[in-house]
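What follows is a single structure, written as structure tokens, with notes after it.
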Amino acid sequence: MTNNSRPDLRPHLVKRLLKPRSIAVIGVSSKPGAPGQVCAALLERDGFSGPVHLVGRNVTEVGKRQTITNIGDLPKGIDLAVLAMPAVGVADAVRECVAREIGGAVVFASGFAEAGGDAKSAQEALTDAVAGAEFGIAGPNSFGLTNYVDAIDIGFIPGRRLEPLAADRLPGVAIIAQSGAMLVHAQSALAARSVPVSYRLSAGNEADLDLADYVAYLAGDAAVGTIALYAEHIRRPRQFLDAIALAQDANKNVVMLHAGRGQRAQQAAASHTGAIAGDYAVMAALVSDAGVLLVRTVEELVDCAEVLHRYPVPPSLAPAVVTTSGAMCAVTLDACDDVCLDLPVISAQAQSAIMTRLPPFSPPVQNPVDLTSLPDLRLIADATKALADDPAVGSVLIAVPAGGGNMAIGWLRPLTEILPTLDKPVFISVLGEEEPLPDDFMALIRAKGLLLTRSPERSLRAIAAVTGYGRLLTRSRSHLVPADLGDHLEGASAILPEWKGKALLRSLGIDVPLGKLAASADEATRIAADIGYPVVLKVQSAQLAHKTEAGAVALDIADEKSLCRVHADLVDRVRRHHPDIVIDGVLVEGMASKGLEFVVGAKRDPQWGPALLVGLGGIYVELLRDVRLLPVDLTPEEIEAELRQLKGAGLFDGFRGGNVPDLAAVAQVVSAIGCLMASCPQISEIDINPLVAFGKGSGVIALDALIALGADAATETDALARVPA
1 MTNNSRPDLR
11 PHLVKRLLKP
21 RSIAVIGVSS
31 KPGAPGQVCA
41 ALLERDGFSG
51 PVHLVGRNVT
61 EVGKRQTITN
71 IGDLPKGIDL
81 AVLAMPAVGV
91 ADAVRECVAR
101 EIGGAVVFAS
111 GFAEAGGDAK
121 SAQEALTDAV
131 AGAEFGIAGP
141 NSFGLTNYVD
151 AIDIGFIPGR
161 RLEPLAADRL
171 PGVAIIAQSG
181 AMLVHAQSAL
191 AARSVPVSYR
201 LSAGNEADLD
211 LADYVAYLAG
221 DAAVGTIALY
231 AEHIRRPRQF
241 LDAIALAQDA
251 NKNVVMLHAG
261 RGQRAQQAAA
271 SHTGAIAGDY
281 AVMAALVSDA
291 GVLLVRTVEE
301 LVDCAEVLHR
311 YPVPPSLAPA
321 VVTTSGAMCA
331 VTLDACDDVC
341 LDLPVISAQA
351 QSAIMTRLPP
361 FSPPVQNPVD
371 LTSLPDLRLI
381 ADATKALADD
391 PAVGSVLIAV
401 PAGGGNMAIG
411 WLRPLTEILP
421 TLDKPVFISV
431 LGEEEPLPDD
441 FMALIRAKGL
451 LLTRSPERSL
461 RAIAAVTGYG
471 RLLTRSRSHL
481 VPADLGDHLE
491 GASAILPEWK
501 GKALLRSLGI
511 DVPLGKLAAS
521 ADEATRIAAD
531 IGYPVVLKVQ
541 SAQLAHKTEA
551 GAVALDIADE
561 KSLCRVHADL
571 VDRVRRHHPD
581 IVIDGVLVEG
591 MASKGLEFVV
601 GAKRDPQWGP
611 ALLVGLGGIY
621 VELLRDVRLL
631 PVDLTPEEIE
641 AELRQLKGAG
651 LFDGFRGGNV
661 PDLAAVAQVV
671 SAIGCLMASC
681 PQISEIDINP
691 LVAFGKGSGV
701 IALDALIALG
711 ADAATETDAL
721 ARVPA
């Protein structure tokens, strides 16, 4: 059993690595620039005050410090061992460190799981070396750990001396990355914007400690306000969600870029970290629901981390935009459409306050606001103030051309004067990215902590991301009521036949066609006579998950004579297709009326747990994959809002004279399936396809249902345990 299978979080082990009182650097050599030498020099450079022990085989001293030759000669209880040695000796060194009761190790060496083949086995051996021990490993293939709060740099790249972060600059941003290059980029980008970074953690291959452990520690560290993550795989999803819950409880924001949306990216991630990529869509739905701002680009990771650092309570309302160009208004509206950002209507009070300052030839004040030729350099500040005071506005974006140094400073100085009176984010996009901005302009931007980009589209992507995140954080959680399944699953095999699945749906209040199971053709004719023609016949068996492919379905049967003929043909066709099949009978149902088809499904991911799927049925799901993946605890109102994010949502408003479908009834079905998945862990998959929606207020009907059970699913943690009352 390896540490990665342990269900607990281990923030105390992370603390010993990030805030060590004593350090051993193991693997130092006489070679200038070698990792061990550099690490020892960094500790000397930054004035680390605790004991530093050096272990090397072919060198007697490094700088002013003497070395020893054996790990076994180290004193017991050292907090951190830095393993600056080739991969071949790491596992043995870890075992010796465990024997000396050292708290943990940072492993720089590569050549483990990321290299594949036998190197993957070497990583497994490293993991097994600490099984059951109170010992945490960062890495292997780690770029190191940097504690900027206390000026402790555990790395192998020379650099400038660190000074402890001043208390008035805290809390800062903590960065965790499974890529050393991404770690350095994020830290340098934030530093260039004067955003304090509290900690920089390179997770590497995560043979032991992982993202869940790091987030759990940072959630409890007062020096951290925002956590920025770059991930290629989340190895312990359930523990990661628990760690995110700790961050939420501590009012700390988490923003994450997770590579691997497409198949090629997933393969690249696996070759880089030795990780097997999971289902990105399920991950995205569930981590977002847990309280993670999931972004899609490196730019958004840095931009959103900065926004959340400067404004820890993200806006939940859309922005107002101030420009000095009609063309910029048009460009802004297109960009807002691209990121699904609806600009609010500006209040009459704000309109009046701005209009009185504009020339007579100015266009009406609307959102975006066009200040035309900017007759008064104070106008940007005053318009920003009026818009920020509008209760319908969540933030303000100022998008203007560079306009030369004097003009830029002219409108910026009044803006900085009114900033202390605003409690909403103010973004500035100055066009002309090839034109350098004046030094005094940039000095004001940095001194006041303004959010600056050179592209309004980039700003709008960040605004859309943090606004969506703000809405998520303020939504009320649905309290799931466990579904009462009675004996519907008693004696069930891996697949519930459709007739049993529909009986289960009926017990949840989901409408299904009127019908019964017939054991013979005579019984089928009696049922059809009671229902009324036309009818549908479907052969029923737990071995028949896909009936259409086996020719087990007949539609629109008009009379008794046709029914008898079709009944015999259906059963004969199925037996030829599946000679050993056990048939329960033939389901006889009334033909349903036409409507708009949806697909409603649920999946219990083996790593992440249950998630819902909803989308338009027919060609929309098969060809366009027009679906949304959702957590199981959304309210019907939230589900309906998600439905309106589908590409085909135009059909919901009576497209070309069509009916307006009963979206509220669709949302109720999705909500009921969410409750079912949360309260019934033995169900691994549900597929209702199609769910036909009739006109508004006329309800829905489930025409087909597949419910799969799994032995592994029955041992899953009940999702209801994660849902607050």
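In case it helps, my numbering puts the sequence shown at residues 1 to 725. By construction, the Cβ of each residue, glycine as well, lies at the ideal position given by its N, Cα and C atoms. Predicted model, so just to flag it, every value in this text is computed and none were measured.
Within a Cβ cutoff of 8 Å, which residues of the same chain sit near residue i, ignoring the five residues on either side of it in sequence?
i, result
"Leu643", "Val614, Arg628, Ala649, Phe652, Leu663, Val666 and Ala667"
"Val295", "Val255, Met256, Leu257, Leu301, Cys304 and Ala465"
"Gly532", "Gly590"
"Ala545", "Ile495, Leu706 and Ala708"
"Val669", "Ile510, Val600, Ile688, Leu691, Val700 and Ala702"
"Leu333", "Leu343 and Pro368"
"Thr297", "Leu257 and Arg461"
"Ile557", "Ala528, Tyr533, Pro534, Val535, Val536, Leu537, Leu563 and Val566"
"Glu637", "Ala667"
"Arg471", "Ser316"
"Gly432", "Pro401, Ala402 and Arg454"
Using beta-carbon positions only, say whether residue i and residue j come within less than 8 Å of one another.
i, j, result
"Ser110", "Ala87", "yes"
"Gly291", "Gln248", "yes"
"Ile673", "Leu612", "yes"
"Ile639", "Ser671", "yes"
"Tyr230", "Ala177", "yes"
"Ala81", "Ile154", "no"
"Asn253", "Leu201", "no"
May I have the straight-line CA-CA distance separating residue i from residue j, to the nearest angstrom?
i, j, result
"Ala245", "Ala524", "54 Å"
"Ala726", "Ala243", "Residue 726 lies beyond the stretch modelled for the chain, which goes from 1 to 725, so this question has no answer here."
"Met355", "Ile380", "12 Å"
"Gly618", "Tyr214", "44 Å"
"Gln66", "Val282", "53 Å"
"Glu61", "Asp73", "16 Å"
"Thr273", "Phe694", "Confidence at Thr273 is low in this model, with a pLDDT of 30, below 50, so the placement of that residue should be treated as unreliable; the coordinate-derived value is given next. Roughly 49 Å between the two C-alpha positions."
"Ile175", "Leu183", "7 Å"
"Ala191", "His185", "10 Å"
"Glu299", "Thr453", "10 Å"
"Asp389", "Leu422", "8 Å"
"Ala93", "Glu306", "40 Å"
"Val574", "Gly117", "46 Å"
"Ala119", "Phe108", "15 Å"
"Arg413", "Lys448", "10 Å"
"Ile445", "Phe427", "11 Å"
"Gly405", "Ala383", "Low confidence applies here, because Gly405 scores a pLDDT of 49, under 50, leaving its location unreliable and the question unanswered by this model."
"Ile463", "Pro319", "8 Å"
"Ala131", "Lys385", "59 Å"
"Arg95", "Leu489", "49 Å"
"Ala125", "Leu451", "47 Å"
"Ala129", "Gly50", "27 Å"
If you compare alpha carbons, which of the options is closest to residue i?
i, options, result
"Leu17", "Leu537, Tyr199 and Arg310", "Tyr199"
"Gly697", "Ser684, Ser671 and Pro661", "Pro661"
"Pro732", "Asn367, Ala91, Asp337 and Ser362", "With the chain running from 1 to 725 in the structure shown, residue 732 is simply not present."
"Leu317", "Pro360, Ile68 and Ser395", "Ser395"
"Cys336", "Ala250, Leu460 and Ala285", "Leu460"
"Ala99", "Lys76, Gly89 and Phe108", "Lys76"
"Phe48", "Cys97, Arg161 and Leu83", "Arg161"
"Val621", "Leu596, Pro631 and Pro610", "Leu596"
"Pro20", "Gly104, Ala40 and Val59", "Gly104"
"Leu570", "Val586, Ser373 and Arg656", "Val586"
"Val512", "Leu358, Leu397 and Val588", "Val588"
"Arg357", "Arg378, Ala285, Arg45 and Ala348", "Arg378"
"Asn58", "Ala34, Ile157, Ser29 and Met85", "Ser29"
"Leu676", "Pro610, Tyr280 and Leu646", "Pro610"
"Glu163", "Val173, Phe156, Ile157 and Ala151", "Ala151"
"Asp584", "Pro364, Leu43 and Ser520", "Ser520"
Who are the near neighbours of residue i in its chain, counting only those whose CB is closer than 6 Å to its CB and skipping five residues on each side?
i, result
"Ala223", "Val149, Leu170, Pro171 and Ser198"
"Asp289", "Pro631"
"Leu13", "Gly104 and Gly136"
Taking only beta-carbon atoms, is residue i less than 8 Å away from chain D?
i, result
"Ala518", "The structure shown contains no chain D, having only a single protein chain."
Please go through the same chain and pick out, in chain order, the residues whose beta-carbon is closer than 7 Å to the beta-carbon of residue i, but skip the five residues on each side of it.
i, result
"Thr474", "Ser316"
"Glu549", "none"
Inter-stretch contact (C-beta, 8 Å, three-pair minimum) for the stretch 435 to 442 and the stretch 320 to 328: no
Is the stretch 533 to 543 touching the stretch 495 to 512, taking contact as three or more C-beta pairs under 8 Å? They touch, by the three-pair rule.
Mind the definition here: the stretch 201 to 208 touches the stretch 135 to 148 only if three or more C-beta pairs lie below 8 Å; say whether that holds. The count of Cβ pairs closer than 8 Å, one atom from the stretch 201 to 208 and one from the stretch 135 to 148, reaches three, so the stretches are in contact.
Contact between the stretch 594 to 610 and the stretch 683 to 694 is defined here as three or more beta-carbon pairs at a separation below 8 Å; is this criterion met? yes
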